[in-house]
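Asker: Note that the sequence shown covers residues 1 to 810 in full-length UniProt numbering.
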Amino acid sequence: MLEKITYSSSGNAITGPSKYPMVQDIPVNNQVAPSQAATISLRGGVRAPRLHSDQGQPPNFTVNSVNRSHGEPQPIGQPPPESVEFSQWDGTLRSPGSTEISQVQRAVYSRPTHGGSIPESSRSYKRLSNVSAVVPLSGLSPFGTGFTRASLSTTGHGASHDHPNFPTSGESVISHRTTINGATLSFHHIRYEVKMKKMPWSRAVTRTVLDDVSGILRPGVNAIMGPTGSGKSSLLDVLAGRKDPRFLSGQVLVDGAPQPKNFKCVSGYVVQDDIVMGTLTVRENLYFSAALRMTLKCSKAERKQKVNEIIEELGLAAVADSKIGTDLIRGVSGGERKRTNIGMELITDPSVLFLDEPTTGLDAFMAGQVVKTLKTLSRRGRTIIFSIHQPKYSIYKLFDSLTLVYRGRLVYHGPARHHPIRYFINLGYECENHNNPPDFFMDILHGEAPQRAMDGVDLNHIIEEPEQMHLVGERLVREWDQSAECQSVLKEANAIASGLSESSNNLHKPKRRKNASEISYAVPFCRQLNQVCWRTSVNLLRDPLASIVQTVVYLFFAISMGTVYFKMNKSLESGIQNRAGLFFFSTLQVVFVNLGSIELFIKERVLFIHENSSGYYRVSVYFFSKIMCDILPTKVLPVLVFMPICYWMAGLRTDAAAFFFFELILSLTTLAAAAIALFISATFTLFGIANVVVSIVYVFMMVFGGYLINLKSMGAWLSWLRYLSIFRYSLGGLMVMEMNPLQFCPATNTSTPQLPDTRQCQPGTQYLYDQDIGYETPWDLWMNVFGQIMITLGFYVLCYIQLRRIKKYK
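(1) Around the Cβ of Tyr393, are there at least 16 other Cβ atoms within 10 angstroms (buried) or fewer (exposed)?
(2) Roughly how far, in whole angstroms, is the beta-carbon of Phe662 from the beta-carbon of Tyr647, given that I think they are within contact range, below 8 Å?
(3) Determine the burial state of Trp782: buried for a count of at least 16 other Cβ atoms within 10 Å of its Cβ, exposed for fewer.
(4) Whole angstroms is fine: what's the gap from Lys306's alpha carbon to Ala290's?
(5) Starting from the C-beta of Pro633, find all residues in its chain whose C-beta is less than 7 Å away, skip the five residues before and the five after it, and write them out in chain order.
(6) With a threshold of 16 other CB atoms inside 10 Å of the CB of Ser614, please say whether the residue is buried or exposed.
(7) Quick check: what's the CA-CA separation for Ser387 versus Leu664?
(8) Specify the secondary structure class of Phe143 as computed by DSSP and reduced to three states.
(9) State the Cα-Cα distance for the pair Pro21 and Ser351, rounded to the nearest angstrom.
(10) Since Val523 and Leu296 should fall inside the 8 Å C-beta cutoff, what is the C-beta to C-beta distance between them, to a whole number of angstroms?
(11) My understanding is that Ile385 touches Leu239, with C-beta atoms under 8 Å, so please give their C-beta distance in whole angstroms.
(12) Under the rule that 16 or more other beta-carbon atoms within 10 Å means buried, what is Leu459, buried or exposed?
(13) Have a look at the DSSP bridge pairing and note the partners of His413.
(14) Pull up the distance between the alpha-carbon of Cys486 and that of Val252, whole angstroms please.
(15) If we call anything under 8 Å between Cβ atoms a contact, is Ala690 one with Ile680?
(16) Find out if the Cβ-Cβ distance for the pair Ile496, Ser186 is shorter than 8 Å.
(17) Please determine, among Cys265, Leu637, Thr792, the residue with the shortest C-alpha to C-alpha distance to Arg618.
(18) Are the CB atoms of Leu490 and Pro227 within a distance shorter than 8 Å?
(19) Would Ile329 and Lys323 be called neighbours here (beta carbons separated by less than 8 Å)?
(20) With a CB to CB cut of under 7 Å and the five nearest residues on each side skipped, what residues in its chain are close to Val332?
(21) Which residue's Cα is closest to the Cα of Val371: Thr765, Ser620, Glu336, Glu284?
(22) In three-state terms, what does DSSP make of Cys745?
(23) Please classify Phe566: does DSSP put it in a helix, a strand, or coil?
(24) Alpha carbon to alpha carbon, how far is Ile548 from Gly794?
(25) Do you know offhand how far Leu803's Cα is from Ile709's?
(26) Can you check whether the CB of Tyr622 is closer than 8 Å to the CB of Phe642?
(27) With a threshold of 7 Å on Cβ separation, who are the neighbours of Leu721 within its own chain once the five nearest residues in sequence on each side are excluded?
(28) Any idea which residues DSSP pairs Gln251 with across the strands?
(29) What is the rounded straight-line gap between the Cα of Lys808 and the Cα of Arg242?
(30) Please report how far the alpha carbon of Val271 lies from the alpha carbon of Gly231, in whole angstroms.
(31) Is the beta carbon of Pro638 closer than 8 Å to that of Asn565?
(32) Do Ala416 and Pro391 count as a contact pair if the criterion is CB distance below 8 Å?
(33) I'd like to know whether the C-beta atoms of Met739 and Thr765 end up nearer to each other than 8 Å.
(34) Rounded to a whole number of angstroms, what is the C-alpha to C-alpha distance between Arg527 and Ser725?
(35) Mark residue 844 as exposed unless 16 or more other C-beta atoms lie within 10 angstroms of its C-beta, in which case mark it buried.
(36) Give the range of the beta strand (DSSP E) segment to which Met737 is assigned.
Here you go:
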């Protein structure tokens, strides 16, 4: 005999029979009848007890009927409207072919009666606090928070019992994997234009990317498909608030309200190219996001727990401590890298997650795994919106809604699976047997799908002409605009927007959107600087090209120059020339080694734009972290460590003042050269162009440094350029400090009675005078330090301005 157990919702308490207390785990034994599972009726979302087996294995059972509203149980033995299977201990209830149930990890069951009671021993259980207990439905109210209340009902009766351990609506328990109530996005008459120039001097031409696009995207998996250049990625970026609003008109509403100013920070956005730091592990990348995007109210333990939950949720436990990988470091697979990108955005529990072609660059299997992960996320209530090109069928069947875009216009927008196929069949297209639906849709948009003759014209004979292909596309747009499905979508979109202060009629008048974007930060400046500096330092230490090669280069140069200029004498024939040559090549080394700094902002531009616009850190934090943890340790520190080798091997002045000034002037020269390179790196997006420009600047400064040409012989209209040369300040400071007190005499005595011996030696100041280098006052020496500092500060300020001017919109 089977006894029906009833659990019902009353206020904030879930009640059940008194003899079956509503505990965290309900005990079961081998006498459970799997085929006699109770009917679950859901209202909004459900929390139910988890089955517990004394034998350590979960019972497998099937829920015969699942309904969103109260109703009669489906009779056993008849085809159920939905069949949901519980297949693992804390696993997932899967709902094949339906989007009503997203995820269930606990359930109510029917059990046999044991004389009206159950043995006390079988009620023993061990609480597992890391098991989810929420069932999100696609019909949940968007932007709700916390847990939901539910009614779990079967036939029967029983008394009530309060359950104190059950989280109720609005309660947040960090040890439980909470449900995110996804948002409903509606977009109204979106029009997006771009201005294009064939040449910098030519007149700009306006191109319409999106033209009068409207629709609704609800919680679930929402795919945007279309041919290359159709505008699918642009539509995604518009919805995500990542397009320049100056060229955008129309409205994007979130649950019937305008997008919040910080929508980019509270929603998740995964770019097409993987931008995680390759030298960090999966866990470290996720913790970096958690440290910057979770508020200070969250402890370190809570952040780590959040990271562990995401690792488990995305199936990354096996590679959690593996490096992502770079060109020189072997790392995780492409699918695992993509899931790590997704995990970075899940740290904030966003209600909406955008992804730009998440399957690009992945094989069929990895692409399927990524989309299955997105499907799992949507089952917890998130709104997943992504663009995709042409997926295989196993991926397509995971879609809840489909949007087809053709040349900036919609040709279909509604439920996925068989609905779009039926829609196009009604238009006269024929879907061949065993044809992949996405391939069928792409063939239609390219004018290559089989079609019956309509209006006396067989389109199969004219689709090869580009003009006729365009006509086919225009016809598809026109058919959609006139379809009942489109009118239904527009009617519902206007109903969603009816809560706005503006009347629904105003929605038909596209308005130019203002730049209301705002970036909000979860942690203060110091926390941001600490975390970004940590990541930069770890990346530097684990990058063999940066940490080893540059060290070897500096060491090789120092020893080479020290060997070539070993123990320089003070002879008139070679002493002056050798010292000038050593100082020139030392300056040349510390300047041109900064060519490697050009790639800093170019290589990480996409990463910087994404993280800054998503609220990870401020521009100033990123700027200072590069100076503190990249320029100083890789450019300045080697000068301080290795250049003394060259200094003492060459036999320069042995007093402390001369040595420390040598270190100071070369360090400032390095900082100035790095500032120039960083400014150019922030200005240009192509490495080749930036490399040429910075090389020209360095060579230009080298010419006016005073070593290759005597500045006295230069015209007055050019001689002022010496004050813009870091070579001039470096050579000037080194030469004044070294040459000022020295005397240089001939190697052999060539004096004659006609020439006194006092004219045989020449002071070092004579060379300074000949080279037009001031030496008479202390300012003549420290002017070189001041000049280097001013050039350094000037270019760093320009670099920071350029970083702020980088377009944060796509």
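Built from N, CA and C at the ideal position, the CB exists for glycine as well.
Answerer: By the coordinates alone:
(1) For the purposes of this step, residue 393 is taken as residue 393 along the sequence shown, with counting starting at 1. By the C-beta density criterion, Tyr393 is exposed, having fewer than 16 other C-beta atoms within 10 angstroms.
(2) Here residue 662 refers to the residue found at position 662 of the sequence shown. Here residue 647 refers to the residue found at position 647 of the sequence shown. Rounded to whole angstroms, the Cβ separation of Phe662 and Tyr647 is 6 Å, and the two are in contact under 8 Å.
(3) Taking the sequence shown and counting its residues from 1, one reaches residue 782 at position 782. Its Cβ having fewer than 16 others within 10 Å, Trp782 is exposed.
(4) Your numbering for residue 306 matches position 306 in the sequence shown. Your numbering for residue 290 matches position 290 in the sequence shown. Whole-angstrom Cα-Cα distance: 8 Å.
(5) Residue mapping note: residue 633 aligns to position 633 of the sequence shown, counting from 1. Its chain contains Leu540 as the residues whose beta carbon lies nearer than 7 Å to that of Pro633, once the 5 sequence neighbours on both sides are disregarded; these appear in chain order.
(6) Along the sequence shown, one-based indexing puts residue 614 at 614. Buried, since its Cβ has 16 or more Cβ neighbours within 10 Å.
(7) Stepping through the sequence shown from its first residue, residue 387 is reached at position 387. Stepping through the sequence shown from its first residue, residue 664 is reached at position 664. Going by the C-alpha atoms only, they are around 54 Å apart.
(8) Taking the sequence shown and counting its residues from 1, one reaches residue 143 at position 143. Reliability fails at Phe143, whose pLDDT of 29 lies under 50, so the model's placement of it is uncertain and the value that follows must be treated cautiously. In the three-state DSSP reduction, Phe143 falls in the coil class, being neither helix nor strand.
(9) Mapped onto the sequence shown, residue 21 falls at position 21. Mapped onto the sequence shown, residue 351 falls at position 351. For Pro21, the predicted model reports a pLDDT of 36, less than 50, meaning its position is unreliable and no value from the coordinates is stated.
(10) One-based indexing of the sequence shown puts residue 523 at position 523. One-based indexing of the sequence shown puts residue 296 at position 296. About 6 Å; that satisfies the 8 Å criterion.
(11) The count along the sequence shown starts at 1 and reaches residue 385 at position 385. The count along the sequence shown starts at 1 and reaches residue 239 at position 239. The distance from the Cβ of Ile385 to that of Leu239 is about 6 Å, consistent with a contact at the 8 Å cut-off.
(12) Along the sequence shown, read from residue 1 onward, the residue named residue 459 stands at position 459. For Leu459, the predicted structure reports a pLDDT of 49, less than 50, and the residue's modelled location is therefore unreliable. The matter cannot be settled from this model.
(13) Working through the sequence shown from its first residue, we reach residue 413 at position 413. Residue pairing by DSSP places His413 opposite Thr403 in a beta bridge.
(14) Sequence index remark: in the sequence shown, residue 486 carries index 486 (1-based). Sequence index remark: in the sequence shown, residue 252 carries index 252 (1-based). CA-to-CA, the gap between Cys486 and Val252 works out to about 18 Å.
(15) For the purposes of this step, residue 690 is taken as the residue at position 690 of the sequence shown. For the purposes of this step, residue 680 is taken as the residue at position 680 of the sequence shown. Closer than 8 Å, so yes.
(16) Position 496 of the sequence shown, counting from 1, holds the residue named residue 496. Position 186 of the sequence shown, counting from 1, holds the residue named residue 186. A contact, by the Cβ cut-off of 8 Å.
(17) As a first step, residue 618 must be located in the sequence shown, where it is residue number 618. The shortest CA-to-CA distance from Arg618 to any of Cys265, Leu637, Thr792 is the one to Cys265.
(18) Walking along the sequence shown from the start, residue 227 turns up at place 227. Walking along the sequence shown from the start, residue 490 turns up at place 490. Taking 8 Å as the Cβ cut-off, Pro227 and Leu490 do not qualify as a contacting pair.
(19) The residue you call residue 329 lines up with position 329 of the sequence shown. The residue you call residue 323 lines up with position 323 of the sequence shown. It is a contact, given that the beta carbons lie within the stated cut-off.
(20) Counting from 1 along the sequence shown, the entry for residue 332 is found at position 332. Taken in chain order, the residues that qualify are Val282, Val319, Ser322, Ile324, Gly325.
(21) What you label residue 371 is simply residue 371 of the sequence shown in a count that begins at 1. When each option's Cα is compared against that of Val371, the closest is Glu336.
(22) The residue labelled residue 745 in the question sits at position 745 within the sequence shown. Annotated three-state conformation of Cys745 is strand, per DSSP.
(23) Translated into positions along the sequence shown, residue 566 becomes position 566. Of the three classes helix, strand and coil, the one that applies to Phe566 here is coil, per DSSP.
(24) The residue you call residue 548 lines up with position 548 of the sequence shown. The residue you call residue 794 lines up with position 794 of the sequence shown. Their Cα atoms are separated by approximately 31 Å.
(25) Your numbering for residue 803 matches position 803 in the sequence shown. Your numbering for residue 709 matches position 709 in the sequence shown. For Leu803 and Ile709, the distance between alpha carbons rounds to 36 Å.
(26) Here residue 642 refers to the residue found at position 642 of the sequence shown. Here residue 622 refers to the residue found at position 622 of the sequence shown. For the pair Phe642 and Tyr622, the CB atoms are not nearer than the 8 Å cut-off.
(27) Counting from one through the sequence shown, the residue named residue 721 turns up at place 721. Around Leu721: Phe704.
(28) In the sequence shown, counting from the first residue as 1, residue 251 sits at position 251. The beta-bridge partner set that DSSP reports for Gln251 consists of His188.
(29) Counted from its first residue, the sequence shown places residue 808 at position 808. Counted from its first residue, the sequence shown places residue 242 at position 242. C-alpha of Lys808 to C-alpha of Arg242: approximately 8 Å in a straight line.
(30) Residue numbering aside, residue 271 sits at position 271 when the sequence shown is read from its first letter. Residue numbering aside, residue 231 sits at position 231 when the sequence shown is read from its first letter. Between the alpha carbons of Val271 and Gly231 lies a distance of about 16 Å.
(31) Counting from one through the sequence shown, the residue named residue 565 turns up at place 565. Counting from one through the sequence shown, the residue named residue 638 turns up at place 638. Before going on, a small fix: residue 565 reads as Tyr here, not Asn. Against a cut-off of 8 Å, the Cβ pair of Pro638 and Tyr565 comes out as no contact.
(32) What you label residue 391 is simply residue 391 of the sequence shown in a count that begins at 1. What you label residue 416 is simply residue 416 of the sequence shown in a count that begins at 1. Going by C-beta atoms, Pro391 is not nearer than 8 Å to Ala416.
(33) Within the sequence shown, residue 739 is the residue found at index 739, counting from 1. Within the sequence shown, residue 765 is the residue found at index 765, counting from 1. In this structure, Met739 places its C-beta atom within 8 Å of the C-beta atom of Thr765.
(34) Residue numbering aside, residue 527 sits at position 527 when the sequence shown is read from its first letter. Residue numbering aside, residue 725 sits at position 725 when the sequence shown is read from its first letter. In a straight line, the C-alpha of Arg527 is about 38 Å away from that of Ser725.
(35) Missing from the structure shown is residue 844; the chain here goes from 1 to 810 and no further.
(36) Within the sequence shown, numbered from 1, the residue matching residue 737 stands at position 737. Per DSSP, Met737 belongs to no beta strand (DSSP E); it is in the alpha helix (DSSP H), 726 to 739.
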